[in-house]
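Colleague:
In our numbering, the protein residues as written are -3 to 1176.
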């Protein structure tokens, strides 16, 4: 079996023989002992010991007392005399020997083997091998009982209590063993005695590993006993090269202990002179010899020790008056700073959270020593923010360390970005304590970068063409770091300092220098724009600089690397132009009052740019229009703003309402021809004859969206009234507003709905057939979308000098994708933006049903999902209650029915596919395969649908359902920890309205309960906790068919079968099943029949449970106990993890209880006792 030359067939036969031998042979013990003799080779000995382990685990309960004693004594004899020298014995032999002893301890100690600890003590005196094995036994015992808890509860309690009672003795034994062996190891100076020293060292390492298994959970008294003897010993061992890593692990576990603050106070001894000296000297020694893996791992542990020490200080100082700032706090900070300035990215990052805790601490943040170190910390941060140290490169000392810590440049990049975000937070805390120094340093760095010539670096570092920077260029990484630093510092400074303390003159000086800086490098210019935005708050003190700022931004909106470039724009150029547009929007959004006086100047500038159809992309044009709309909100005058919007939208209306455009938008064939999807592919470098058509259509849709999204009435009610925005009040007294854009948008609505209907129709097979190659794939997903859904990292080095679109197909795909999503964004924003004016549009439900919901069968999941999220959800959530019957019910009824049918079919395909994959060995496991993509899309669509139903139907006072859902990638991290459905969950008015309609009610219940068995844990968890019970509760008062009740209950049990392996889901589903059974069992006997079909159900226990449930006069058991009983009843249908499904059960019997509880006296006995009357109980 272990011979590499064996064939698969012989190996399987040998394995089968070995397993059958262990299971069936009546003489396993003597055979095992014979094979385990030390005269045999290691493989044979290991098999012999495996046989003995199998006997203990699976046959122990059927063995006689004498057999058990014989086996136990034989194993102890093996340890005493059947093992080789500690340096010769194989590790796997030692491991299996310790496992056998621990398995016996788990079954017999302390009740039937009271002398176990004494026997181990005697064994340890026989030599180093035995001592090491005793350490292994004690460690594995602690792991099984406390850490992994692999025993039945009563056995675990018995063993843990006995361990705790004997802990002083065990700890003393461990410490003495450690000290003796370390002393012997240190005394050996003669090379001839080296094996002896190695043996002592090996025992020392084992003792440290065992201590590490106990320090985490034993009483702190044992760790701090005898004036912290253990901590002192561990500090001494930090300078012993062979033992330092184990010592650092123990120290880290000790210093990271949680629990009562009173118990943790002795840990402050580590701030003392001696301990601090040993920790720092060990760090210096480890770092002094260059990069050696062993030393580097030790350095990481030491860094974590210092972090944990700082966190303990923060926890203790201020809470307890006995704890004061340590005298060595300055030395601690200096040494901690040394780790922050270390070349290793991992070590630098490890210190950030502790720096944050120190800067946040109420007392320490005012300490002069900490305040004095802030400039040094910020100086270190300036270096650490520079993105260098990629494992594939050699341009920084960090690179060597990165090769140890990261598998690839992508790994390093992801870690660096996350670490930098964390560092930004800590820098802001430091800036809060010393804002002026922080700003001064940021200003100096900015001035330095502005005065330094651009260094693009060597060509092989991915430098852009034409002497432009790449993301690896020396200049760019410096600019990027400086920009991040400046942004963090200035934002915090404005929050911290009073208005009169702001260094306005310095800020304006920096802003002028940035505005005067000229560069043709797109990456550097992008950083310059961020600096302009960061310094913009200074303009609020000096508004006269506003025109200069806008001049800089507008010049960047039309930025080209080559003047009047006809070539396709590169990604870097596009990013700069978008950045400039975003900056303009941001300023108009955040400082509208400041910008308002310059409105006319801005408007004329934008009109000039819009007049040239080719100068800007459609998105850029609309971004500038959005900026104008944002400022127009400050008019606070309905008529004036309406006139402005009319003028602004006139070009859009001219194109959108023309007869030609109406024909194109209404007729699928005309639409395909208009956008050029019926033309054979042409060279991407040549002019696209239909490009202008697509641009015009995009411009109209972008413009409509921008106006709907940005136009709003004043937030102040009095201002709104004065400006003519309020047109009345609702019956409840709330004001009814009108939006200045309503008239403009509503006249464009018909054509928008026509476009959506046409776009939906495009997905029909006969329409796709009308498209020319390669545009038949124009409606497919973009590669970037696929990568995002599969969670694949984006390529690290985005080719900034490559065109935005590599092919004409990619350009067409992006056009269709953006157009589709923007149309639904408009419809989604229309409700909250125009309110009554939108919801009272004549025949709105019919219009929407005949456009947005046409041809859903052919719409792929990746398009249906955003439609539900950005259109259906806001449409429903913002709908006034008086329009529920006319608008929402007619839409949601058929939609929910359809979505359930669609998802059921999809999950059926997935389940069948997983069954087939088990049979088909040739299935390719390609992570980017189409199947995996489709499956992930079905999961995402399922979550979207269940989320839509939940926000429509259920209101939870603790949650804001109006909030947009998290990004796709966040879903996995958002696994709900809520186990029981919230008592606060009630049906909304909309939910009650929907449940009145039988078809909608049926669709909702079927979808919610069917989804419990779909293989998406997150969806199941949310649906169980938030949706199922409120929906069911609504129909309980009526008459449910017996078949429906059976189906509902069975659906929950099916969910348990699918998701039982996940604790969160299992708890929620058990609770739901319990609620249903308790509510419906008295009325429906059929539900009992379902219970009887559960595998391994105990009929007697079920009868008892039913008896108590159906007989109210019987004493009610506590809710938790009833639920536990119910869970035991349905245990047969709770799914298990794959690893446990085919594992042989290990049964460990409970032994007689160690601590018998005295039976409490009954109340009547107390009262009848002649000494125990009520009067005597209360006598003083």
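Using N, Cα and C, we set each Cβ at its ideal position, and we do this for glycine too. This structure is a prediction, so every number in the text was calculated from the model and none was measured.
Which residues share a DSSP beta bridge with residue 1177?
Modeller: With the chain covering only -3 through 1176, there is no way to say anything about residue 1177.
Colleague: Could you check which residue in 570, 532, 857 has the C-alpha nearest to that of residue 583?
Modeller: Checking every option, the nearest Cα to that of residue 583 belongs to 532.
Colleague: So residue 1065 packs on residue 1005, CB below 8 Å; how close in whole Å?
Modeller: Going by Cβ atoms, the distance from residue 1065 to residue 1005 rounds to 11 Å, so no, they are not a contact pair.
Colleague: DSSP three-state call for residue 759: helix, strand or coil?
Modeller: Residue 759 falls in the coil class under three-state DSSP.
Colleague: Excluding the 5 residues preceding and the 5 following residue 684 in the sequence, name in chain order all residues of the same chain whose CB lies nearer than 6 Å to its CB.
Modeller: Nothing listed; no residue qualifies.
Colleague: What alpha helix (DSSP H) runs, 4 residues minimum, are completely inside the region 1 to 36?
Modeller: List check, alpha helix (DSSP H) in window: 4 to 20, 24 to 31.
Colleague: Where do the ends of the beta strand (DSSP E) carrying residue 725 lie?
Modeller: It spans 722 to 725 - the beta strand (DSSP E) in which residue 725 sits, taken as one unbroken run.
Colleague: In three-state DSSP terms, what is residue 732?
Modeller: Residue 732 falls in the strand class under three-state DSSP.
Colleague: Which residue wins for smallest C-alpha separation from residue 1062, given the options 37, 1126, 1087, 1096?
Modeller: The residue with the shortest Cα to Cα distance from residue 1062 is 1126.
Colleague: Which of helix, strand or coil does DSSP assign to residue 566?
Modeller: In this structure, residue 566 counts as strand in the three-state DSSP scheme.
Colleague: Determine, using beta carbons only, whether residue 198 and residue 82 come nearer to each other than 8 Å.
Modeller: Closer than 8 Å, so yes.
Colleague: In chain order, which alpha helix (DSSP H) runs of at least 4 residues are fully inside the region 1092 to 1121?
Modeller: For the region 1092 to 1121, whole alpha helix (DSSP H) runs of length 4 or above, ordered along the chain, are 1095 to 1106.
Colleague: Count the other C-beta atoms from every protein chain shown that fall within 10 angstroms of the C-beta of residue 414, then say buried if there are 16 or more, exposed otherwise.
Modeller: With fewer than 16 Cβ atoms within 10 Å of its Cβ, residue 414 is classed as exposed.
Colleague: Taking only the alpha-carbon atoms, compute the straight-line gap between residue 71 and residue 51 and give it to the nearest angstrom.
Modeller: Approximately 12 Å between the Cα atoms of the pair.
Colleague: Specify the secondary structure class of residue 969 as computed by DSSP and reduced to three states.
Modeller: Note that residue 969 scores a pLDDT of 35, beneath 50, so its modelled location is shaky; the value from the coordinates is reported in the next line. Looking at residue 969 - three-state DSSP - the assignment turns out to be helix.
Colleague: Using CA atoms only, rank isn't needed, just tell me which of 739, 656, 276 is closest to residue 700.
Modeller: Looking at the Cα atoms, 739 is the closest of the given residues.
Colleague: Quick one: what does DSSP say residue 611 is sitting in, helix, strand or coil?
Modeller: It is coil, neither helix nor strand.
Colleague: Have a look at residue 224 and residue 120 and give me their C-alpha separation to the nearest angstrom.
Modeller: Looking at the two C-alpha atoms, the distance is approximately 25 Å.
Colleague: What is the residue span of the alpha helix (DSSP H) that residue 1045 lies within?
Modeller: 1038 to 1055 is the extent of the alpha helix (DSSP H) around residue 1045.
Colleague: For residue 313, which three-state DSSP category applies?
Modeller: If DSSP states are grouped into helix, strand and coil, residue 313 belongs with the strands.
Colleague: Considering only residues of the region 516 to 581, which uninterrupted beta strand (DSSP E) runs meet the minimum length of 3 residues and lie entirely inside it, listed in chain order?
Modeller: Taking only runs of at least 3 residues, no beta strand (DSSP E) segment lies wholly in the region 516 to 581.
Colleague: Considering residue 1077, what are the terminal residues of the alpha helix (DSSP H) in which it resides?
Modeller: Note, residue 1077: premise wrong, no alpha helix (DSSP H); not H, not E.
Colleague: Cβ of residue 1018 within 8 Å of Cβ of residue 942?
Modeller: It is a contact, given that the beta carbons lie within the stated cut-off.
Colleague: With burial defined as no fewer than 16 other Cβ atoms inside 10 Å of the residue's Cβ, what is the status of residue 953: buried or exposed?
Modeller: Because the pLDDT of residue 953 is 48, which lies under 50, any placement of that residue in the model is unreliable, and the number read from its coordinates should be weighed accordingly. Counting Cβ neighbours within 10 Å, residue 953 comes out exposed, since fewer than 16 surround it.
Colleague: Among the residues of its own chain, which have a CB less than 8 Å from the CB of residue 290, if the five just before and after it don't count?
Modeller: Here the set comprises 241.
Colleague: Spatial neighbours of residue 869 within its chain, please: CB distance less than 7 Å, with the 5 preceding and 5 following residues excluded, ordered by chain position.
Modeller: So the list reads 944, 947, once near-sequence residues are dropped.
Colleague: Is it true that the CB of residue 1082 sits closer than 8 Å to the CB of residue 1042?
Modeller: In contact: residue 1042 and residue 1082 (Cβ atoms closer than 8 Å).
Colleague: Is the CB-CB distance between residue 451 and residue 466 below 8 Å?
Modeller: No; because the gap between Cβ atoms is not below 8 Å, this pair is not in contact.
Colleague: The alpha helix (DSSP H) with residue 407 in it runs from where to where?
Modeller: Per DSSP, residue 407 belongs to the alpha helix (DSSP H) from 405 to 429.
Colleague: Rounded to whole angstroms, how far is the Cβ of residue 1049 from the Cβ of residue 932, which I believe are closer than 8 Å?
Modeller: Contact doesn't hold; Cβ gap of about 27 Å is too wide.
Colleague: Taking just the CA atoms, how far does residue 345 sit from residue 268?
Modeller: Going by the C-alpha atoms only, they are around 26 Å apart.
Colleague: Quick check: residue 883 and residue 852, are their CB atoms within less than 8 Å of each other?
Modeller: Against a cut-off of 8 Å, the Cβ pair of residue 852 and residue 883 comes out as no contact.
Colleague: Would you mind sorting residue 286 into buried or exposed? The rule is 16 or more other CB atoms within 10 Å of its CB.
Modeller: It counts as exposed.
Colleague: Does the Cβ-Cβ distance between residue 301 and residue 239 come in under 8 Å?
Modeller: Cβ distance not < 8 Å, so residue 301 and residue 239 don't count as in contact.
Colleague: So for residue 64, helix, strand or coil by DSSP?
Modeller: Helix at residue 64.
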